[in-house]
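Here is the structure we will look at.
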Amino acid sequence: MDKKLLSEYAKLMVKVGANVQPGQKVRLYAEVDQHELATLVAKECYAAKAAYVEMFWSCGEIERLHYENASVETLGTVLPWEEERQKQMVKDLPVRIFIESADPDELSGIPADIISTVGQMRSKVLKKYRDEIDGKHQWLIVAAASPKWALKVFPGCDADTAVEKLWDAIFSCVYIDGKHNAEEVWAKHTDDMKKRADWLNSQQFAKLRYKSSNGTDFSVELIPGAKWCSAADTNRINGASYVPNMPTEEVFISPMKGRCEGTLIATKPLSWSGQLIDGFSVEFKNGKVHSCHAKQGEEMLKKMFAMDEGASMLGEVALVPKDSPINKSGLLFMNTLFDENACCHIAAGEGFLEVIDGFENKTLDEIHAMGINDSIIHVDFMIGSDDLDITGIRPDGTEVPVFKNGTWA
Ligand code: ZN
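Numbering (my numbering) for the sequence shown: 1293 to 1701.
Shown next as structure tokens:
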């Protein structure tokens, strides 16, 4: 890949995405195959006067070996030192930067119940620390091309060509072209996204109704007064504005938990916990998943919705027009960060605190009582199609077209 663009990417991540402030600690997560990008990011963090950059390396092949050889007990146990590291995180409130490059099907063949049990055991110990830093630190998820992932996106190519093509696609999705100033492009992009969110907020919808010829026929209630959000978020402790996902094309909200009905047809495959789930549909009754079917990975999908009580309810509703640049690329990334920004989606599991005004002065229990869902999972799945219509319904029953044929009405 073009080294100049890679440096520009690292800079964009640190300055606009994570917006690292002088004196802040950073936790940087990457796979070992991304040491070149991780090094550039660490360099940019120090250029931004970070106090310290702590590395968290992982390796997909070794992760797979763990699942093939170690016991569930061992894999699911969070050792005291690991928990101490999380306690330190709550104290330091470090910036967290995640560089994703994993094979979307890394753990194929590993029994779904082993993966879900390990996840449940670890979340039981670790979730509280994640909850504690929510809204109080900057974070960022970005992606990097690896041979394993690239070959899934470009299956006909040799590994080098596939990686090259995936890098080109990533750079173009995050608006890096080597010609324009990416920071300026992003300032305009976040501004445009905010205007969409402002319009939705002005409409005060109580409900959204979805219809598509593929069989999607669904309605969901919204929380009175909850706010639609977009690209930029704010660290409530230091006031730093940051963009937690790159790319991002979505305007999103957390709906009222337990208040949705109908059927959603997934329009893209989903990679969850290292396995691919494809060709699936989900039926909701009384706000919860009632049944689901998949051509591939049905058992994993069922395990996912059964991870805990909140996993069968919704935590997010997001609007993305079909003319988003990611969708126009025509590529299927099999990576949620990209595919969720190609079309409308919904997430099962945990909702977002920041959609509630003044959430920082409320307890988690109070926020959950308002209708924000709680769960150890938050999994987006894609439901946008070429003829998806979404209608907004106000409390007085008036109807406003929001999406017509897959894009803003
Ligand atoms: Zn989303």
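C-beta: ideal position from N, C-alpha, C; glycine also.
Query, Result
"Counted within 10 angstroms of its Cβ, other Cβ atoms place Glu-1534 as buried (16 or more) or exposed", "A small correction: the amino acid at residue 1534 is Tyr; Glu does not occupy that position in the sequence shown. By the neighbour-count rule (16 or more Cβ atoms within 10 Å), Tyr-1534 is buried."
"Where the alpha helix (DSSP H) containing Cys-1337 begins and where it ends", "1327 to 1339"
"Beta carbon of Ile-1402 nearer than 7 Å to that of Tyr-1359", "yes"
"At least 3 beta-carbon pairs within less than 8 Å: the segment 1666 to 1681 vs the segment 1495 to 1507", "yes"
"Per-residue DSSP class, three states only, for Ala-1474", "helix"
"heavy atom of the ligand ZN below 6 Å from Asp-1600 C-beta", "no"
"Beta bridge counterpart(s) of Asn-1537 as assigned by DSSP", "Ile-1433"
"Gly-1309 classed as buried or exposed, judged by whether at least 16 other C-beta atoms fall within 10 angstroms", "buried"
"Asp-1490 versus Asn-1527 - alpha carbon distance", "20 Å"
"Those residues, in chain order, that have a beta-carbon closer than 7 Å to some heavy atom of the ligand ZN", "Glu-1542, Phe-1544, Glu-1608, Ala-1610, Glu-1632, His-1637, Ala-1639, Asp-1672"
"For Lys-1549 and Ile-1664, believed in contact at Cβ under 8 Å, the rounded distance", "7 Å"
"Cβ shell of Arg-1356 (< 7 Å), same chain only, five flanking positions each side left out", "Glu-1398, Leu-1399"
"Candidates Ser-1621, Cys-1584, Asn-1530, Val-1455, of which the one nearest Glu-1597 by Cα", "Residue identity check: residue 1597 is Phe in the sequence provided, not Glu. When each option's Cα is compared against that of Phe-1597, the closest is Cys-1584."
"Proximal residues to Lys-1595 (C-beta, below 8 Å), its chain only, five neighbours per side dropped", "Ala-1404, Asp-1405, Ile-1407, Ser-1408"
"Outcome for Leu-1371 when other beta-carbon atoms lying within 10 angstroms are tallied against a minimum of 16", "exposed"
"Beta strand (DSSP E) segment containing Gln-1316, residue limits", "Neither: Gln-1316 is in no beta strand (DSSP E) and is coded neither H nor E."
"In chain order, each alpha helix (DSSP H) run of at least 4 residues that lies wholly inside the segment 1453 to 1527", "1474 to 1495"
"Beta carbon of Thr-1559 nearer than 7 Å to that of Pro-1613", "no"
"Unbroken stretches of the alpha helix (DSSP H), 4 residues or longer, contained in the segment 1610 to 1681", "1617 to 1620, 1628 to 1631, 1656 to 1661"
"Beta-carbon proximity check, Asn-1311 vs Ala-1586, cutoff 7 Å", "no"
"Per-residue burial, Met-1347 [other beta carbons within 10 Å of its own, 16 or more giving buried]", "exposed"
"Start and end residues, beta strand (DSSP E) containing Pro-1726", "Since the first residue shown for the chain is 1293 and the last is 1701, residue 1726 is missing from the structure and cannot be characterised."
"Host alpha helix (DSSP H) of Asp-1570 (start-end)", "Run containing Asp-1570: none in the alpha helix (DSSP H); it sits in the beta strand (DSSP E), 1567 to 1577."
"Range of the contiguous beta strand (DSSP E) that encloses Lys-1549", "1547 to 1557"
"Expected contact under 8 Å - CB spacing of Asn-1619 and Cys-1635 to nearest Å", "6 Å"
"Environment of Ser-1616 [buried if 16+ CB atoms lie within 10 Å]", "buried"
"Rounded Cβ spacing between Cys-1351 and Val-1324 (contact assumed at less than 8 Å)", "5 Å"
"Cut-off 7 Å between Cβ atoms - residues of its own chain near Leu-1443, not counting five sequence neighbours on either side", "Ala-1451, Ala-1454"
"With 16 other Cβ atoms within 10 Å as the buried cut-off, status of Thr-1508", "buried"
"7 Å Cβ shell around Asp-1570 - same chain, five flanking residues per side excluded", "Pro-1561, Ala-1586, Lys-1587, Gln-1588, Gly-1589"
"Start-end ranges of the alpha helix (DSSP H) lying completely within the segment 1364 to 1428, minimum 4 residues", "1364 to 1368, 1372 to 1384, 1404 to 1425"
"Endpoints, the beta strand (DSSP E) within which Met-1347 is located", "1344 to 1350"
"Lys-1580 - containing beta strand (DSSP E), residue span", "1580 to 1588"
"Check whether Ser-1667 and Gly-1602 have beta carbons under 7 Å apart", "yes"
"Pair within 7 Å by beta-carbon distance, Ala-1461 and Ser-1363", "no"
"Extent of the continuous beta strand (DSSP E) to which Ser-1563 belongs", "1562 to 1564"
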